[in-house]
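A quick write-up on the structure given underneath.
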């Protein structure tokens, strides 16, 4: 089975721009979550989607948004980029088993200049 | 408000010895705990988990211990191998919002030959 695929792998943007990141979950996994990893804050939960609906949301401003498509693929968008948005963005999918295990992709490294 | 804390940013252990990584949490609603391992430029990989109804879970060289009264868990790796060198994250989840993992800051484990 292929793992979680995230594209692009690296991205460089300038302040004020917007960016869209893509995630393809493991086949059969219907839950997709997004996390932000920064050196100072560690791994922080952004949001989770299941069956095209956002089920949970972390403490991030409204500039951070996401969506999920009928094939479970997900995108996250960040508008009006700030320098502090530079981070590794990780997508995770879950088969929703009782062990609550998440399977992570390799991430998209976003640099905002 | 850091609900999951890993107080040791780094740990150095000799090959063949036991590695013990610690994690503390504050939220009593957490009922499931997971350990993830992360190599640079890769997403976190699931290692082992434990439900709050247990106090120990073992998988090969990895054992996780949970002390609910102290709100403390630890990961034991024995014997430690050079390939175990990585950053280890402790994560916790509550039944409400089960796919939302709250991560600690991570501990960088280095296994010395």
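Chains as they are written, first to last, in our numbering: chain Z, 1 to 113; chain U, 114 to 226.
Virtual Cβ for every residue (Gly too), placed ideally from N, Cα, C.
Legend entry - CA-to-CA distance, residue 148 of chain U to residue 84 of chain Z, given in whole angstroms: Taking the straight line joining both Cα atoms gives about 27 angstroms.
Legend entry - CB of residue 66 of chain Z within 8 angstroms of CB of residue 90 of chain Z, strictly: The answer is no: Cβ separation not under 8 angstroms.
Legend entry - First and last residue of the uninterrupted beta strand (DSSP E) at residue 42 of chain Z: Segment 42-50, the beta strand (DSSP E) holding residue 42 of chain Z.
Legend entry - Environment of residue 40 of chain Z [buried if 16+ CB atoms lie within 10 Å]: With fewer than 16 other Cβ atoms within 10 Å, it is exposed.
Legend entry - Whole-angstrom distance between residue 10 of chain Z and residue 182 of chain U, CA atom to CA atom: If you take the alpha carbons of residue 182 of chain U and residue 10 of chain Z, they lie about 43 angstroms apart.
Inset, instruction - Name the residue from U/218, U/224, U/225, U/170 whose alpha carbon lies nearest to the alpha carbon of residue 38 of chain Z. - result: When each option's Cα is compared against that of residue 38 of chain Z, the closest is U/218.
Inset, instruction - Report yes or no: do the stretch 135-143 of chain U and the stretch 184-200 of chain U share at least 3 C-beta pairs separated by less than 8 angstroms? - result: Result yes; three or more Cβ-Cβ pairs closer than 8 angstroms.
Inset, instruction - Measure from the alpha carbon of residue 34 of chain Z to the alpha carbon of each residue in Z/13, Z/27, Z/15, Z/57, then state which is nearest. - result: The option with the nearest alpha carbon to residue 34 of chain Z is Z/57.
Legend entry - Close-in-space but distant-in-sequence residues of the same chain around residue 73 of chain Z (CB under 6 angstroms, 5 per side omitted): If we look at residue 73 of chain Z and ignore the five residues flanking it on each side, its Cβ neighbours are 24.
Inset, instruction - Examine chain U for any beta-carbon lying closer than 8 angstroms to the beta-carbon of residue 48 of chain Z, and answer yes or no. - result: Chain U has a Cβ within less than 8 angstroms of the Cβ of residue 48 of chain Z.
Legend entry - Under 8 angstroms between C-beta atoms of residue 4 of chain Z and residue 87 of chain Z: Going by C-beta atoms, residue 4 of chain Z is not nearer than 8 angstroms to residue 87 of chain Z.
Inset, instruction - Select from the stretch 162-182 of chain U all residues with a C-beta closer than 9 angstroms to any C-beta belonging to chain Z, and list them in chain order. - result: Here the close residues are 162, 164.
Inset, instruction - Quick one: give me the first and last residue of the beta strand (DSSP E) that residue 171 of chain U is part of. - result: Where residue 171 of chain U is concerned, the enclosing beta strand (DSSP E) starts and stops at 169-172.
Inset, instruction - Please list the residues of the stretch 130-159 of chain U that have a C-beta atom closer than 9 angstroms to any C-beta atom in chain Z, keeping them in chain order. - result: Cβ contacts with chain Z: 145, 147, 149, 151, 154, 155, 156, 157, 158, 159.
Inset, instruction - Return no unless some Cβ of chain U is closer than 8 angstroms to the Cβ of residue 72 of chain Z. - result: So, not an interface residue.
Legend entry - Min CB distance residue 196 of chain U to chain Z below 8 angstroms: False, the Cβ-Cβ gap to chain Z never drops below 8 angstroms.
Inset, instruction - Return the Cβ separation of residue 68 of chain Z and residue 52 of chain Z in integer angstroms, given the expectation that the two are a contact with Cβ distance under 8 angstroms. - result: Sure, about 5 angstroms apart at Cβ, within 8 angstroms.
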